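A.B. asks: Chains A and B, in that order, are what the protein sequence lines are.
Read in the numbering used here, the first sequence has 259 at position 275, and its numbers run on one by one without any break.
Read in the numbering used here, the second sequence has 66 at position 82, and its numbers run on one by one without any break.
Beta carbons: idealized from backbone N, C-alpha and C, even for Gly.
Computed from a predicted structure; not experimentally measured.
2 protein chains.
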Amino acid sequence: MEVIKKAQLAKIACKEWVKLSNSERDHALITMADNIEENSLKIIEANQKDIEKAKEKGISGAMLDRLTLTKERIASMAQGIREISSLPSPLGETIHGKVTNQGLQIYQVRVPLGVVGIIYEARPNVTADAAALCLKSGNAVVLRGGSEAIHSNKMIARLLRDALQKLNLPFDVVQLIEDTDRCQVQQMMRLNGLIDVLIPRGGTGLIKSVIENATVPVIETGAGNCHIYVDYPVDLNEAIKIIENAKLQRPGVCNAVETVLVHEDIASQLLPDLKKRLEERVELRGCEKVRKIIDVAEATEDDWETEYLDLILAIKIVSSLQEAIAHIEKYSTNHSEAILTNDLNNARRFVKEIDSAAVYVNASTRFTDGSEFGMGAEIGISTQKLHARGPMGLTALTSTKFVIYGDNSVRR
Amino acid sequence: MEVIKKAQLAKIACKEWVKLSNSERDHALITMADNIEENSLKIIEANQKDIEKAKEKGISGAMLDRLTLTKERIASMAQGIREISSLPSPLGETIHGKVTNQGLQIYQVRVPLGVVGIIYEARPNVTADAAALCLKSGNAVVLRGGSEAIHSNKMIARLLRDALQKLNLPFDVVQLIEDTDRCQVQQMMRLNGLIDVLIPRGGTGLIKSVIENATVPVIETGAGNCHIYVDYPVDLNEAIKIIENAKLQRPGVCNAVETVLVHEDIASQLLPDLKKRLEERVELRGCEKVRKIIDVAEATEDDWETEYLDLILAIKIVSSLQEAIAHIEKYSTNHSEAILTNDLNNARRFVKEIDSAAVYVNASTRFTDGSEFGMGAEIGISTQKLHARGPMGLTALTSTKFVIYGDNSVRR
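(1) Sort out for me which residues DSSP pairs residue 173 of chain A with in a bridge.
(2) Could you say which of A/295, A/279, A/153 lies nearest to residue 256 of chain A if we only look at CA atoms?
(3) Less than 8 Å separating the beta-carbons of residue 180 of chain B and residue 110 of chain B?
(4) Would you mind stating whether residue 194 of chain A and residue -9 of chain A have Cβ atoms separated by less than 8 Å?
(5) Go ahead and pull the three-state DSSP assignment for residue 319 of chain B.
(6) Is residue 207 of chain B near residue 319 of chain B, with beta carbons less than 8 Å apart?
(7) With 7 Å as the limit, tell me which residues of the stretch 275 to 297 of chain B have their beta carbon closer than that to any beta carbon of chain A; keep them in chain order.
(8) Assuming residue 94 of chain A contacts residue 382 of chain A under a Cβ cut-off of 8 Å, what Cβ separation, rounded to an integer in Å, is found between them?
(9) Interface residues of chain D around residue 181 of chain A at Cβ under 8 Å?
(10) Tell me residue 374 of chain A's beta-bridge partners as DSSP assigns them.
(11) Going along chain A in order, which residues have a C-beta closer than 9 Å to the C-beta of residue 214 of chain B?
(12) Give the residues of chain A in contact with residue 385 of chain B, contact being defined as C-beta atoms less than 8 Å apart.
(13) What number of angstroms, rounded off, separates the C-alpha of residue 177 of chain B from the C-alpha of residue 323 of chain A?
(14) Quick one, are the C-beta atoms of residue 6 of chain B and residue 75 of chain B less than 8 Å apart?
(15) Does any residue of chain B have a CB that is nearer than 8 Å to the CB of residue 177 of chain A?
(16) Taking CB distances under 8 Å as the criterion, tell me whether residue 245 of chain B reaches chain A.
(17) Does residue 68 of chain A have its Cβ less than 8 Å from a Cβ in chain B?
(18) Rounded to a whole number of angstroms, what is the C-alpha to C-alpha distance between residue 61 of chain A and residue 108 of chain A?
(19) Going along the chain, which residues of the stretch 221 to 253 of chain A sit with their C-beta nearer than 7 Å to a C-beta in chain B?
(20) Rounded to whole angstroms, what's the CA-CA distance from residue 16 of chain A to residue 282 of chain A? Just pull it up for me.
(21) Return the chain-ordered list of same chain residues with a C-beta closer than 8 Å to the C-beta of residue 148 of chain A, the five sequence neighbours on each side being excluded.
(22) So with CB distances below 9 Å, who are the chain B contacts of residue 389 of chain A?
(23) On the CB-based measure, 16 or more other CB atoms within 10 Å of its CB, does residue 306 of chain B come out buried or exposed?
(24) Kindly indicate which three-state DSSP category residue 267 of chain B falls into: helix, strand or coil?
(25) Under 8 Å, do residue 389 of chain B and residue 92 of chain B count as touching if we go by C-beta distance?
(26) Grouping DSSP H, G and I as helix and E and B as strand, with all else coil, what is residue 291 of chain A?
(27) By the DSSP assignment, the beta strand (DSSP E) with residue 94 of chain A in it spans what residues?
(28) Excluding five sequence neighbours on each side, which residues of the same chain lie with their C-beta closer than 6 Å to the C-beta of residue 344 of chain A?
(29) For residue 383 of chain A, report the span of its alpha helix (DSSP H) as first-last.
(30) Answer yes or no: do residue 341 of chain B and residue 373 of chain B have a C-beta to C-beta separation smaller than 8 Å?
(31) Confirm, please, whether the CB-CB distance from residue 21 of chain A to residue 59 of chain A is below 8 Å.
(32) Could you check whether the Cβ of residue 77 of chain A sits closer than 8 Å to any Cβ belonging to chain B?
(33) Run through DSSP, which three-state label would residue 282 of chain A get?
(34) Going by DSSP, what residue range makes up the alpha helix (DSSP H) through residue 256 of chain A?
(35) Go ahead and pull the three-state DSSP assignment for residue 130 of chain B.
(36) Whose CA, out of B/275, B/244, B/272, B/268, lies closest to the CA of residue 309 of chain B?
As structure tokens, this is what we get:
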């Protein structure tokens, strides 16, 4: 199997890669970025093949756009790698250190995970982006992109590996699975001992399949059925501005708001203005109580459960903070939720009781993002509780080990 | 299914449990400890049934001993709970906090995982121990012990729950699966959404089965094929003392040494003395080069791979630090390894290149333990790289969430 062979090569190469100094790794990343940018015509040529195939299959619109690479997009891909190279390295950081009661000197030190497997869908820029993040944090990477982008991915991976080879570095730290047959990905999910962690990036179906089938540890990324609760008292104009931002600034992404919960005491003031502001661009769906105040389509059980990723917004009136929290507990994917309020107790209670990766007070859910949080770049947003939660920067791609110095110490 | 019903109850109860203050939880733990100790006769009575059944099955020796509860062991079980209650709570700790470039105030705060599933084998004291650790860190626990200890486990779990009920607290945070049929544990491994993490504690077979079958995130604990490498120059007497400690202080546990690697330049000095010191209590097995120096049984490929957990020690002569590292890379389970040396460069290289949870310089591998590391208590020793690595204390039973305060902030 291609995937086994390549994971083995990655495993061997990562042992050399971790021995380099941070500046050697950073220099390698810059060389990779240059090689990408200098060969953008080759990438565009390969990308053209993917686009033709996609068009034959009838793919169009947003999906075709995500697949398409232009000179500008390739330049920004290269720039992304350069920015990752300039971030501080997480490796070697001592996160705890002390002398134990027995006199042992003990350090908990950040180390790479080893080999990171990334399974992703259409966007070919993930190939460069994920590779750079993994390499910067001292890992090797096994990439498995979607078949739609295979020609682009192959060219990008080749250019990344060529740059490493030019520098006489272990280029096997970058592996792309070229066989797009499903059996490769099935095998990849079960390569315990060769792959240390799997990160699926893509739609719900992909992520579910990885969770169902993987025996390798997985970091679940993803789905965001995000809520904003408008409490009372609140600044109505600001509330509308935040809802508009959370829905419209980029509706197709996981941190966009999908359901707005409104306290009954301000519903009759808020809803008409909200409708006026959004109705031309957003389809509004409301619960029965909402529809007594504004004329919108009916929201059903399905709406509360759905991550639209689209210009649709569900609205529900609740009679208390408690009811809002209960609704969120029931329907949220625990990604990002916000309360808009001027009541300190309610803000504190919302923050304490809402069990989501990011909990906001008086801010848009759209901020849940590695670069907004100051991490520099992100490999994804974890919606699980193990290992990493929320936007994952370079430290999420590391583990730790304990280093212990004794004075010929034995245990009593 | 019993396990689904009980996991649901735990999920609901943990939402109440997390709202309590740390001192309310600590008080609950002390009440649980008292209830265990006051009812030790009831526990002994239940334990008697398990022992009789075990004897009927022909179980004896170490296994029977592990199953047996005495008044003293129950007192120490209760004392263990009290000690856990007196540890500082990890909850609410802010592990990062800053103001972002956009002016958002952002905190990364420690929160409970939610519902922790523990799958374990014979020892009934795990029931009290694991429950106390999970509850202290704000979680609910679903316990699934071995059928051999079912009567003891049922009584202990009942007493823990009774103590909570007496205090009018959500006693459903402690759940024991009483149906010992395998289908319960199969179901438990796939309760995504109800169980947040599974920790298997037991033999290799149990752990492997959980990794193979679970869709819930797992923390792998366990197997320790630990190595000591005796470098040159080294203090021979101290080296022998450390090897003796690592093999003999408690041979049946995961951090005991199984293979000693000896640099060829000191083998002829070290091995005769080592043999003299160990041969009466330990069966020694050596590679060909070892057997030219001392008369011991032959070590085969199997020996390098085996975690004996017994009074057996494999010995191999290596010609360099590099060969020692390569041997460890090939055969280690990445639990604990030690170098004994007085060469600073070699010590640093060993620490850097050995990819194990605990890497020692001039100390016994036996120190890999939560209480030796100053964590107070441990829920297990993780041999995986995700989430937690090495001894796991209370913080390993937590996750984090991001709490973000804005000033009606929207993303640009």
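C.D. replies: On the basis of the data shown:
(1) As a working mapping, residue 173 of chain A is identified with position 189 in the first sequence. Bridge partners of residue 173 of chain A: none, in fact.
(2) Walking along the first sequence from the start, residue 256 of chain A turns up at place 272. If we check each option's Cα against that of residue 256 of chain A, A/279 comes out closest.
(3) Position 196 of the second sequence, counting from 1, holds the residue named residue 180 of chain B. Position 126 of the second sequence, counting from 1, holds the residue named residue 110 of chain B. Contact annotation: residue 180 of chain B and residue 110 of chain B have beta-carbon atoms that are not nearer than 8 Å.
(4) Residue mapping note: residue 194 of chain A aligns to position 210 of the first sequence, counting from 1. Residue mapping note: residue -9 of chain A aligns to position 7 of the first sequence, counting from 1. Going by C-beta atoms, residue 194 of chain A is not nearer than 8 Å to residue -9 of chain A.
(5) The residue labelled residue 319 of chain B in the question sits at position 335 within the second sequence. In this structure, residue 319 of chain B counts as coil in the three-state DSSP scheme.
(6) Translated into the one-based positions of the second sequence, residue 207 of chain B becomes position 223. Translated into the one-based positions of the second sequence, residue 319 of chain B becomes position 335. The answer is yes: Cβ separation under 8 Å.
(7) none
(8) Position 110 of the first sequence, counted from the start, is the residue given in the question as residue 94 of chain A. Position 398 of the first sequence, counted from the start, is the residue given in the question as residue 382 of chain A. Contact holds; Cβ gap of about 5 Å.
(9) Of the protein chains in the structure, A and B, none is chain D.
(10) Position 390 of the first sequence, counted from the start, is the residue given in the question as residue 374 of chain A. In the DSSP output, where bridge partners are listed per residue, residue 374 of chain A has A/366.
(11) Locating residue 214 of chain B in the second sequence gives position 230, counting from the first residue. Those do not exist, as residue 214 of chain B stays about 12 Å from chain A at its closest Cβ, beyond 9 Å.
(12) Translated into positions along the second sequence, residue 385 of chain B becomes position 401. For the C-beta of residue 385 of chain B, the chain A residues within less than 8 Å are, from N- to C-terminus, 339, 340, 341, 342, 343, 373, 374.
(13) Here residue 177 of chain B is taken as the residue at index 193 of the second sequence, counted from 1. Here residue 323 of chain A is taken as the residue at index 339 of the first sequence, counted from 1. Straight-line Cα distance between these residues: approximately 24 Å.
(14) Within the second sequence, the letter at position 22 stands for residue 6 of chain B. Within the second sequence, the letter at position 91 stands for residue 75 of chain B. A contact, by the Cβ cut-off of 8 Å.
(15) Position 193 of the first sequence, counting from 1, holds the residue named residue 177 of chain A. Chain B contact via Cβ: absent.
(16) Here residue 245 of chain B refers to the residue found at position 261 when the second sequence is read from its first residue. It does not: the Cβ of residue 245 of chain B has no partner Cβ on chain A nearer than 8 Å.
(17) In the first sequence, the residue the question calls residue 68 of chain A occupies position 84. Output row for residue 68 of chain A: interface = no.
(18) In the first sequence, residue 61 of chain A corresponds to position 77, counting from 1. In the first sequence, residue 108 of chain A corresponds to position 124, counting from 1. Cα to Cα, the separation comes out at about 10 Å.
(19) 222, 225, 226, 229, 233
(20) Counting from one through the first sequence, the residue named residue 16 of chain A turns up at place 32. Counting from one through the first sequence, the residue named residue 282 of chain A turns up at place 298. The alpha-carbon atoms of residue 16 of chain A and residue 282 of chain A are separated by roughly 52 Å.
(21) As a working mapping, residue 148 of chain A is identified with position 164 in the first sequence. Here the set comprises 12, 15, 16, 154, 155, 157, 158.
(22) As a first step, residue 389 of chain A is located in the first sequence; it is residue number 405 there, counting from the start. Ordered by position in chain B, the residues that pass the 9 Å Cβ test against residue 389 of chain A are 331, 335, 344, 345, 346, 347.
(23) By 1-based counting over the second sequence, the position of residue 306 of chain B is 322. Its Cβ having fewer than 16 others within 10 Å, residue 306 of chain B is exposed.
(24) Counted from its first residue, the second sequence places residue 267 of chain B at position 283. The answer is strand: DSSP assigns residue 267 of chain B an E or B state.
(25) Here residue 389 of chain B refers to the residue found at position 405 when the second sequence is read from its first residue. Here residue 92 of chain B refers to the residue found at position 108 when the second sequence is read from its first residue. Cβ atoms of residue 389 of chain B and residue 92 of chain B: not closer than 8 Å.
(26) On the first sequence, position 307 is the one that residue 291 of chain A refers to. In this structure, residue 291 of chain A counts as coil in the three-state DSSP scheme.
(27) Stepping through the first sequence from its first residue, residue 94 of chain A is reached at position 110. From DSSP, the beta strand (DSSP E) with residue 94 of chain A extends over 89 to 96.
(28) The sequence position of residue 344 of chain A within the first sequence is 360, counting from 1. Taking C-beta separations shorter than 6 Å and ignoring five residues to either side along the sequence, the partners of residue 344 of chain A in its chain run 322, following chain order.
(29) The residue you call residue 383 of chain A lines up with position 399 of the first sequence. From DSSP, residue 383 of chain A is part of no alpha helix (DSSP H) but of the beta strand (DSSP E) over 382 to 393.
(30) One-based indexing of the second sequence puts residue 341 of chain B at position 357. One-based indexing of the second sequence puts residue 373 of chain B at position 389. It is a contact, given that the beta carbons lie within the stated cut-off.
(31) Along the first sequence, read from residue 1 onward, the residue named residue 59 of chain A stands at position 75. Along the first sequence, read from residue 1 onward, the residue named residue 21 of chain A stands at position 37. For residue 59 of chain A and residue 21 of chain A, yes; Cβs fall inside 8 Å.
(32) If you number the first sequence from 1, residue 77 of chain A lands on position 93. Judged by the 8 Å Cβ criterion, residue 77 of chain A is not in contact with chain B.
(33) Residue 282 of chain A sits at position 298 when you count from the first residue of the first sequence. It is a strand residue.
(34) The residue given as residue 256 of chain A occupies position 272 in the first sequence. Its alpha helix (DSSP H) spans residues 248 to 262.
(35) One-based indexing of the second sequence puts residue 130 of chain B at position 146. Residue state, collapsed to three classes: coil.
(36) As a working mapping, residue 309 of chain B is identified with position 325 in the second sequence. Measuring from the Cα of residue 309 of chain B, the nearest candidate turns out to be B/244.
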